[in-house]
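Participant: Here this note's numbering is used: position 55 in the sequence shown is 163, and no number is missing along the way. In this text, a Cβ means the ideal position worked out from N, Cα and C, and glycines have one as well.
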Amino acid sequence: MGSKAKKRVVLPTRPAPPTVAQIVEDVRGAPALDPVFTALAPEDPPEDPEAQQELYQQSRTYVATNEHLRQARDGLRQKCEELRRAGDRLEEEVNQVTAAAFS
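(1) What alpha helix (DSSP H) runs, 4 residues minimum, are completely inside the region 112–200?
(2) In angstroms with no decimal places, state the Cα-to-Cα distance between Thr146 and Arg136.
(3) Between the C-alpha atoms of Ala208 and Glu190, what's the straight-line distance to the nearest angstrom?
(4) Determine the direct distance from the alpha carbon of Leu184 to that of Glu175, and round the result to whole angstroms.
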């Protein structure tokens with residue numbers, strides 16, 4: 109039987125990446141309606157500055173409230189653990205008093 113080894117295909121070498129000057133020249137030479145410049149362009153007219161400021165303030169309020177809630181959650185976890193430990197101690201003391209009363 110013959111060998112079924114695949115022959116390796118030799119790929120051509122990659123071209124050198126463009127220089128910054130070549131990229132700048134290419135961008136400057138492109139027409140304004142080139143898809144590169146229009147594909148991500150906003151289709152809606154820009155919002156008024158007051159609406160943007162209000163949205164920004166809402167975002168800040170959300171972040172501050174979220175941080176406050178995280179701190180409150182951590183505080184509640186700590187208090188819950190303290191209450192659990194206090195409940196365990198109380199249960200032990202009740203058991204001791206009950207045992208002492210019946211001895």
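Facilitator: Taking the geometry as given:
(1) Runs of the alpha helix (DSSP H) inside the region 112–200: 128–137, 143–146.
(2) Their Cα atoms are separated by approximately 15 Å.
(3) One C-alpha to the other measures close to 27 Å.
(4) Glu175 and Leu184: Cα-Cα distance of roughly 14 Å.
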